[in-house]
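Numbering (our numbering), first residue to last: 2 to 180.
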């Protein structure tokens, strides 16, 4: 599990800890990222929706900025604050502000989820796209999966991501073959 230096400094050997996790699925690896709070995990997942930002840069963002800091930097269009993150230059900071402007909320005041889509659905779509499916194919496979799960009375939020991915791949394979 990969964690930020801030998270590492708050953990101690021998003590129990609760971490919020995000699984990043790539063709050649499964990587688990850990966070102390839900806001950090949600922000980690949100910043990866910006083109050019992957999980390593997303972790660098969280190592340098708190969710509140990033939220206010985006709201105030503070390019200099975002440029402090290693791996993000001026153009990357501008792109991040542009793409996150309407999506990111003020973490300090609301502490609400920053996305209207279920986190498992975003992770599953991202996993399918990283395996070579287009955004349209991924969305179609996830939509088919949701219909199948509703028909069988299963709750996808209670299922393991691996099981969801397997079922979505089966749905995606059927829709690919039908085209």
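Here a beta-carbon is modelled for each residue, glycine too, at the ideal position from N, C-alpha and C.
> Would the beta-carbon of residue 83 fall within 7 Å of that of residue 94?
Replying inline: In the chain shown, residue 83 corresponds to position 82, counting from 1. In the chain shown, residue 94 corresponds to position 93, counting from 1. Yes, these two residues count as a Cβ contact at 7 Å.
>> Can you tell me which residues form a DSSP beta bridge with residue 22?
In response: Here residue 22 refers to the residue found at position 21 when the chain shown is read from its first residue. Residue 22 is bridged to 35.
> Considering only residues of the same chain and omitting the five flanking positions on each side of residue 111, which have a CB-CB separation below 6 Å?
Replying inline: Here residue 111 is taken as the residue at index 110 of the chain shown, counted from 1. Because residue 111 sits at a pLDDT of 48, beneath the cut-off of 50, its placement in the model cannot be relied upon, and the following sentence gives the value as read from the coordinates. Cβ-Cβ distances below 6 Å link residue 111 to nothing in the same chain once the five nearest sequence neighbours on each side are left out.
> Exposed or buried, what is residue 122 when buried is set at 16 or more other beta-carbons lying within 10 Å of its beta-carbon?
Replying inline: Reading the chain shown from its first residue, position 121 is the one you call residue 122. With 16 or more other Cβ atoms within 10 Å, it is buried.
> Cβ atoms of residue 27 and residue 131: under 7 Å apart, would you say?
Replying inline: Position 130 of the chain shown holds residue 131. Position 26 of the chain shown holds residue 27. It is a contact, given that the beta carbons lie within the stated cut-off.
> From residue 114 to residue 31, what distance separates their C-alpha atoms?
Replying inline: In the chain shown, counting from the first residue as 1, residue 114 sits at position 113. In the chain shown, counting from the first residue as 1, residue 31 sits at position 30. With a pLDDT of 40 at residue 114, under the threshold of 50, the modelled position of that residue is not reliable, and no figure is offered here.
>> Going by DSSP in three states, residue 165 sits in which element: helix, strand or coil?
In response: The count along the chain shown starts at 1 and reaches residue 165 at position 164. Of the three classes helix, strand and coil, the one that applies to residue 165 here is helix, per DSSP.
> What three-state label does DSSP hand residue 146 in the structure shown?
Replying inline: Here residue 146 refers to the residue found at position 145 of the chain shown. Three-state DSSP puts residue 146 in a helix.
> Cβ of residue 24 within 7 Å of Cβ of residue 33?
Replying inline: On the chain shown, residue 24 is found 23 positions in, with the first residue counted as 1. On the chain shown, residue 33 is found 32 positions in, with the first residue counted as 1. Yes; because the gap between Cβ atoms is below 7 Å, this pair is in contact.
> Rounded to whole angstroms, how far is the Cβ of residue 44 from the Cβ of residue 63, which I believe are closer than 8 Å?
Replying inline: Residue mapping note: residue 44 aligns to position 43 of the chain shown, counting from 1. Residue mapping note: residue 63 aligns to position 62 of the chain shown, counting from 1. That pair is a contact at about 7 Å.
> Taking the Cβ atom as the reference point for each residue, do residue 51 and residue 100 lie within a distance shorter than 7 Å?
Replying inline: Within the chain shown, residue 51 is the residue found at index 50, counting from 1. Within the chain shown, residue 100 is the residue found at index 99, counting from 1. Result yes, Cβ atoms of residue 51 and residue 100 sit closer than 7 Å.
> How many Å lie between residue 168 and residue 81 at the Cα?
Replying inline: In the chain shown, the residue the question calls residue 168 occupies position 167. In the chain shown, the residue the question calls residue 81 occupies position 80. Rounded to the nearest whole angstrom, the C-alpha separation of residue 168 and residue 81 is 44 Å.
> Of the residues 8, 14 and 48, which one's Cα is nearest the Cα of residue 97?
Replying inline: Translated into positions along the chain shown, residue 97 becomes position 96. Comparing alpha carbon positions, the residue from 8, 14 and 48 closest to residue 97 is 48.
>> Quick check: residue 2 and residue 35, are their CB atoms within less than 7 Å of each other?
In response: The residue labelled residue 2 in the question sits at position 1 within the chain shown. The residue labelled residue 35 in the question sits at position 34 within the chain shown. Yes.
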